[in-house]
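Sequential numbering of the sequence shown, starting at 489, is according to the working numbering.
Where is the CB? At the ideal position from N, CA and C, for every residue including glycine.
Model, not experiment: these values are computed from the prediction.
To start, the structure under review is shown below, and the notes come after it.
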Amino acid sequence: MEQRQLGKSPLKVAPLAFGGNVFGWTADEATSFKLLDAFVARGFNLIDTADVYSKWIPGNKGGESEKVIGNWIKQGGKRDKVVIATKVGGEMAPDKKGLAPQYIEKAIEDSLHRLQTDYIDLYQTHYDDLETPVEATLETYAKLIKAGKVRVIGTSNMSPERLLQSLQASEQYGYPRYETLQPEYNLYDRQKFEREYEPITRQYDLGVISYYSLASGFLSGKYRSKEDAAKSPRGKKALSYLDERGMNILDTLDEVAASYHTTPASVAIAWLVQREGLTAPIVSATNIEQLDELFKATQLNLDAGAIEKLNIASDYTDV
Numbered sequence: 489m490e491q492r493q494l495g496k497s498p499l500k501v502a503p504l505a506f507g508g509n510v511f512g513w514t515a516d517e518a519t520s521f522k523l524l525d526a527f528v529a530r531g532f533n534l535i536d537t538a539d540v541y542s543k544w545i546p547g548n549k550g551g552e553s554e555k556v557i558g559n560w561i562k563q564g565g566k567r568d569k570v571v572i573a574t575k576v577g578g579e580m581a582p583d584k585k586g587l588a589p590q591y592i593e594k595a596i597e598d599s600l601h602r603l604q605t606d607y608i609d610l611y612q613t614h615y616d617d618l619e620t621p622v623e624a625t626l627e628t629y630a631k632l633i634k635a636g637k638v639r640v641i642g643t644s645n646m647s648p649e650r651l652l653q654s655l656q657a658s659e660q661y662g663y664p665r666y667e668t669l670q671p672e673y674n675l676y677d678r679q680k681f682e683r684e685y686e687p688i689t690r691q692y693d694l695g696v697i698s699y700y701s702l703a704s705g706f707l708s709g710k711y712r713s714k715e716d717a718a719k720s721p722r723g724k725k726a727l728s729y730l731d732e733r734g735m736n737i738l739d740t741l742d743e744v745a746a747s748y749h750t751t752p753a754s755v756a757i758a759w760l761v762q763r764e765g766l767t768a769p770i771v772s773a774t775n776i777e778q779l780d781e782l783f784k785a786t787q788l789n790l791d792a793g794a795i796e797k798l799n800i801a802s803d804y805t806d807v
């Protein structure tokens, strides 16, 4: 299995990350264990979660995904075979959120307890906290790394300005730097990353772990009308993709998929895997069949002509 370096860090990962938002939500613990076993058995190793997953479910408090992963680690003994990435900064409760030093120091202990491990490979800023200076956050991360509780840090949902400010502070004061960025990026949602963030990730050689790889399922082709979108709770977000450009992307995915005897979803993921500057797109699955399709996508070698068709169909310069 190909291994890619996360930024300039010592961490190396296979070119696909498992999105743990489904654990304890649409995948119960037993199903989650099977999915994780299959994921690791195929040679993949990056598992991404967050302390707030899955607080959005009525009755949940957050931490459910981390607990499932922790139970899996405990029963399977595979800690040394995986790269665990989690996040801090999201709202666990009205008084439990943000990036203040005292909160981060408490939040990581909670995450370590739920994950049943004594270190986190990649600890990520989930949401920025404009009330906390970037220097204070980075200094706290430095303490966690020194204590052996964190190996590498990354960020997500941070403005380009604050990302740049953070990277410059790391250079100036000798703090550990963000080695990864987790942006929204897929065939439809290209513009924000490519125009605002990619110049920074290339300049600083950051690893890029993209989320919404299938645009909430739209790029799988299952939402082709408002009626399709109304059939699923996740379909609501897909409504925003049902425009001329979105349908053009789907038509091209269908065309390329047919020529490779595969599915639109596999083509959309393969486009990400082969995209220069992208380390590992995040994908989720709730059954083994879905996971097998994602595995196949990493083996799908799109030729230059297919990639060009997809690039043209998803071009946003006239949008």
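Q. Under a three-way DSSP split, which group does lysine 575 fall into?
A. Locating residue 575 in the sequence shown gives position 87, counting from the first residue. Three-state DSSP puts lysine 575 in a strand.
Worksheet entry | leucine 766 classed as buried or exposed, judged by whether at least 16 other C-beta atoms fall within 10 angstroms | Numbered from 1 along the sequence shown, position 278 holds the residue referred to as residue 766. Per the 10 Å Cβ criterion, buried.
**Item:** Proximity to serine 701 [Cα-Cα], best of Ile757, Gly508, Asn559, Pro498
**Value:** Here residue 701 corresponds to residue number 213 of the sequence shown, with the count starting at 1. Residue Ile757 is the option with its Cα nearest to serine 701.
| Excluding five sequence neighbours on each side, which residues of the same chain lie with their C-beta closer than 8 Å to the C-beta of methionine 735? | Start at 1 with the first residue of the sequence shown, and residue 735 comes out as number 247. Contacts found: Arg712.
### Query
Alpha carbon to alpha carbon, how far is leucine 727 from leucine 632?
Within the sequence shown, residue 727 is the residue found at index 239, counting from 1. Within the sequence shown, residue 632 is the residue found at index 144, counting from 1. About 42 Å.
**Prompt:** With 16 other CB atoms within 10 Å as the buried threshold, where does aspartate 804 fall?
**Reply:** To locate residue 804, count along the sequence shown from 1; it is residue 316. In the sequence as presented, aspartate is not what sits at residue 804; that position holds tyrosine. Exposed: under 16 other Cβ atoms inside 10 Å.
Worksheet entry | N- and C-terminal bounds of the beta strand (DSSP E) containing glutamate 476 | Here the chain covers residues 489 to 807 and nothing more, so residue 476 does not appear.
According to DSSP, is serine 658 helix, strand or coil? Counting from 1 along the sequence shown, the entry for residue 658 is found at position 170. DSSP places serine 658 in helix when its eight states are reduced to three.
- Task: Would you list, in sequence order, the uninterrupted alpha helix (DSSP H) runs of no fewer than 4 residues that lie entirely inside the stretch 667-752?
- Result: For the stretch 667-752, whole alpha helix (DSSP H) runs of length 4 or above, ordered along the chain, are 686-692, 714-718, 723-726, 732-748.
Limits of the unbroken alpha helix (DSSP H) element including threonine 514: Counted from its first residue, the sequence shown places residue 514 at position 26. Looking at the DSSP string, threonine 514 is not in any alpha helix (DSSP H), and its letter there is neither H nor E.
Practice prompt. Would you kindly check if the distance between the Cβ of valine 570 and the Cβ of tyrosine 611 is under 8 Å?
Written response: Translated into the one-based positions of the sequence shown, residue 611 becomes position 123. Translated into the one-based positions of the sequence shown, residue 570 becomes position 82. For tyrosine 611 and valine 570, no; Cβs fall outside 8 Å.
For this session: Could you give the DSSP three-state label for lysine 566: helix, strand or coil?
Result: Counting from one through the sequence shown, the residue named residue 566 turns up at place 78. Here lysine 566 sits in coil by DSSP.
Looking at alanine 703 and tyrosine 676, is the spacing between their C-beta atoms short of 8 Å? The residue labelled residue 676 in the question sits at position 188 within the sequence shown. The residue labelled residue 703 in the question sits at position 215 within the sequence shown. Remark: C-beta atoms of tyrosine 676 and alanine 703 approach each other more closely than 8 Å.
(request) Taking only heavy atoms of the ligand FMN into account, decide whether any of them is closer than 7 Å to the Cβ of glutamate 593. (result) The ligand FMN is not part of this structure, which contains no ligands at all.
To the nearest angstrom, report how far apart lysine 543 and aspartate 525 are at their CA atoms.
-> Looking up residue 543 in the sequence shown gives position 55. Looking up residue 525 in the sequence shown gives position 37. As the crow flies, the alpha-carbon of lysine 543 is around 25 Å from that of aspartate 525.
Distance between aspartate 791 and leucine 499 (C-alpha atoms, nearest Å): As a position in the sequence shown, residue 499 is number 11, starting the count at 1. As a position in the sequence shown, residue 791 is number 303, starting the count at 1. Approximately 29 Å between the Cα atoms of the pair.
- Give me the Cα-Cα distance between tyrosine 840 and tyrosine 661, rounded to the nearest whole angstrom. A question about residue 840 goes unanswered here, because the residues of the chain that appear run from 489 up to 807.
Quiz item: By Cβ distance, which residues of its chain are closer than 8 Å to proline 671, with the 5 residues on each side in sequence left out?
Solution: Residue 671 sits at position 183 when you count from the first residue of the sequence shown. For proline 671, where only same-chain residues beyond five positions count, the Cβ hits under 8 Å are Ser644, Lys680, Phe681, Tyr685, Val696, Ser698, Tyr699.
Three-state secondary structure (DSSP) at lysine 500?
In the sequence shown, the residue the question calls residue 500 occupies position 12. Strand, per DSSP.
Worksheet item: Can you tell me whether aspartate 693 is buried or exposed, with buried defined as 16 or more other CB within 10 angstroms of its CB?
Response: By one-based count along the sequence shown, residue 693 stands at place 205. With fewer than 16 Cβ atoms within 10 Å of its Cβ, aspartate 693 is classed as exposed.
*Would proline 589 pass as a contact of threonine 628 if the rule is Cβ separation under 8 Å?*
Here the question's residue 589 lines up with position 101 in the sequence shown. Here the question's residue 628 lines up with position 140 in the sequence shown. Yes.
Exercise for review: Tell me aspartate 536's beta-bridge partners as DSSP assigns them.
Suggested key: Counted from its first residue, the sequence shown places residue 536 at position 48. Paired residue(s): Gly507, Ala573.
request  = State the start and end residues of the unbroken beta strand (DSSP E) segment that holds glycine 642.
outcome  = Position 154 of the sequence shown, counted from the start, is the residue given in the question as residue 642. In the DSSP assignment, glycine 642 falls within the beta strand (DSSP E) that extends over 638-644.
Quiz item: Can you name, in chain order, every residue of its own chain whose Cβ lies under 7 Å from the Cβ of lysine 496, other than the five neighbours on each side?
Solution: By one-based count along the sequence shown, residue 496 stands at place 8. So the qualifying residues of the chain are Glu667, Asp693.
Problem - Among Leu618, Ala753, Leu655, Trp560, the one whose alpha carbon lies nearest that of glutamate 781 - result: Against the sequence shown, residue 781 aligns to sequence position 293. With distances taken between Cα atoms, glutamate 781 lies closest to Ala753.
Identify the residues that DSSP records as bridge partners of isoleucine 592: which are they? Taking the first residue of the sequence shown as 1, we reach residue 592 at position 104. Bridge partners of isoleucine 592: none, in fact.
Open item on the list: DSSP three-state label for glutamine 612, please.
Closed with: Locating residue 612 in the sequence shown gives position 124, counting from the first residue. If DSSP states are grouped into helix, strand and coil, glutamine 612 belongs with the strands.
query = Which residue comes first and which comes last in the alpha helix (DSSP H) that contains glycine 495?
reply = In the sequence shown, the residue the question calls residue 495 occupies position 7. Glycine 495 -> no alpha helix (DSSP H), and no H or E assigned at all.
Exercise for the section: Kindly list the residues whose CB is nearer than 8 Å to the CB of leucine 779, restricted to its own chain and excluding five residues on each side of it in sequence; keep chain order. Expected result: The residue labelled residue 779 in the question sits at position 291 within the sequence shown. So the list reads Leu523, Ala526, Phe527, Ala773, once near-sequence residues are dropped.
Residue closest to leucine 798, alpha-carbon to alpha-carbon, out of Pro769, Gln787, Leu760
Taking the first residue of the sequence shown as 1, we reach residue 798 at position 310. It is Leu760 whose Cα lies nearest to the Cα of leucine 798.
message: Here's the rule I'm using: 16 or more other beta-carbon atoms within 10 Å means buried, otherwise exposed. How should aspartate 609 be labelled?
response: The sequence position of residue 609 within the sequence shown is 121, counting from 1. The residue in question, aspartate 609, is buried, as its Cβ has 16 or more Cβ neighbours within 10 Å.
Can you give the Cα-Cα distance for phenylalanine 532 and isoleucine 770, rounded to whole angstroms? If you number the sequence shown from 1, residue 532 lands on position 44. If you number the sequence shown from 1, residue 770 lands on position 282. One C-alpha to the other measures close to 12 Å.
Query raised in the report: Would a C-beta distance cut-off of 8 Å place leucine 730 and leucine 707 closer than the cut-off?
Result: Within the sequence shown, numbered from 1, the residue matching residue 730 stands at position 242. Within the sequence shown, numbered from 1, the residue matching residue 707 stands at position 219. Taking 8 Å as the Cβ cut-off, leucine 730 and leucine 707 do not qualify as a contacting pair.
Next item on the list: For alanine 581, name the three-state secondary structure that DSSP assigns.
Entry: Indexing the sequence shown from 1 puts residue 581 at position 93. Three-state result, alanine 581: strand.
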